[in-house]
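Reviewing the structure listed below.
In the numbering used here, the protein residues as written are 1 to 348.
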């Protein structure tokens with residue numbers, strides 16, 4: 001899955017060539033670009049510690065007093081990469097989240113590689129969507145992100161220009177009266193250059209997504225979902241555009257919420273000779289429960305050190321309908337929500 005990364009500060013040696021910003025095409029490239037520690041010749045560890053604070057100010061439709069909310073959380077994520085006797089690689093990601101105060105395994109799978117093929121078996125994300133975002137708050141289109149407990153992903157990559165991935169997975173949802181149904185997904189990603197990529201993906205069942213759009217995880221019929229993205233980077237700018245959309249209606253949901261869609265656009269500016277990035281976001285949703293129909297804002301990323309990053313953001317969300325309300329003594333319909341967040345990230 002494509003990601004971008006800002007290059008580290010160059011050494012003092014003026015003769016050393018500064019590598020231009022680029023898009024990393026594979027998990028291996030992403031790992032090599034990031035921080036990791038080799039414990040033994042067959043075991044490599046990486047980690048991420050994050051602390052986050054968020055304040056929200058809700059503006060009622062009736063022009064009444066604003067309502068405020070504040071939350072904070074901390075997460076610890078540790079990744080393990082194991083060389084299985086040169087025959088395969090095992091990869092696992094374990095995470096602790098202070099809210100709701102529990103440990104869980106985000107991914108745990110084994111990968112067999114025989115060029116140009118790669119087969120991954122275990123708990124992992126389906127190839128639907130990229131969900132690229134530099135803000136503290138994830139984009140609204142994350143409603144499509146799907147982590148499958150049991151899955152098989154077969155990737156065909158004959159060269160560095162494209163990958164085609166086909167997945168069979170056991171989803172959390174099933175047809176009424178049935179259990180443990182298998183679904184499928186397909187994803188295509190292309191990299192015409194180190195500075196531009198695009199992708200298309202499709203999944204047979206949106207109700208399998210981590211968002212759990214159906215309360216009881218049972219459906220009358222499957223609702224497929226599709227996604228597309230563009231991602232580009234230059235010496236000073238980065239841009240991304242992504243959309244995730246249901247391709248049919250959920251019969252189980254109310255009409256105004258039965259066919260969710262969201263898109264997200266971001267532009268980042270890398271300040272020359274400074275450890276700062278400025279990011280602008282514009283996103284829109286349709287028929288997505290408890291999310292604003294329109295949201296925009298800005299974020300600043302400050303690279304305090306190679307291992308320490310501070311992100312601060314402001315977002316303003318607009319509710320165009322009465323779809324979102326807060327329960328106090330009575331139900332209060334919300335017109336706008338202003339969000340300010342800060343996140344400190346430590347990589348190791």
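Ideal Cβ placement from N, Cα and C applies to all residues, glycine included. Predicted model only: the values in this text are computed from it and were never measured.
Would you mind working out which of the options sits nearest residue i, comparing C-alpha positions?
i           : options            : result
residue 160 : 192, 110, 341, 220 : 192
residue 210 : 56, 231, 141, 153  : 141
residue 77  : 99, 65, 105, 60    : 105
residue 100 : 114, 301, 90, 72   : 72
residue 333 : 47, 64, 41, 21     : 64
residue 58  : 302, 344, 180, 291 : 291
residue 148 : 206, 190, 188, 196 : 206
residue 216 : 117, 173, 178      : 173
residue 229 : 272, 200, 114      : 200
residue 186 : 223, 213, 227, 39  : 227
residue 117 : 164, 324, 190      : 164
residue 112 : 89, 133, 131       : 89
residue 298 : 312, 280, 274, 289 : 280
residue 247 : 204, 232, 282      : 204
residue 55  : 343, 251, 347      : 343
residue 198 : 231, 167, 275      : 231
I'd like the span of the beta strand (DSSP E) that includes residue i, first residue to last.
i           : result
residue 223 : That residue, residue 223, is in no beta strand (DSSP E); it is neither H nor E in DSSP.
residue 192 : 182–193
residue 203 : 196–203
residue 61  : Looking at the DSSP string, residue 61 is not in any beta strand (DSSP E), and its letter there is neither H nor E.
residue 97  : 88–97
residue 84  : 67–84
residue 294 : 294–303
residue 313 : 308–318
Identify whether residue i lies in helix, strand or coil by the three-state DSSP scheme.
i           : result
residue 43  : strand
residue 208 : helix
residue 18  : Interpretation of residue 18 is limited by its pLDDT of 43, a score under 50 that renders its predicted location unreliable; no figure is taken from the coordinates.
residue 241 : strand
residue 282 : strand
residue 257 : helix
residue 11  : The predicted model places residue 11 with a pLDDT of 43, which falls under 50 and marks its position as unreliable; any figure quoted below should be read in that light. Residue 11: coil per DSSP, three-state reduction.
residue 55  : strand
residue 277 : strand
residue 347 : strand
List the whole-angstrom C-beta distance separating residue i from residue j, where the pair is believed to meet the contact cut-off of C-beta under 8 Å.
i           : j           : result
residue 53  : residue 341 : 7 Å
residue 305 : residue 287 : Not confirmed; about 43 Å, so no contact.
Beta strand (DSSP E) runs wholly inside the stretch 112–176, at least 3 long, in chain order:
117–125, 147–156, 162–170
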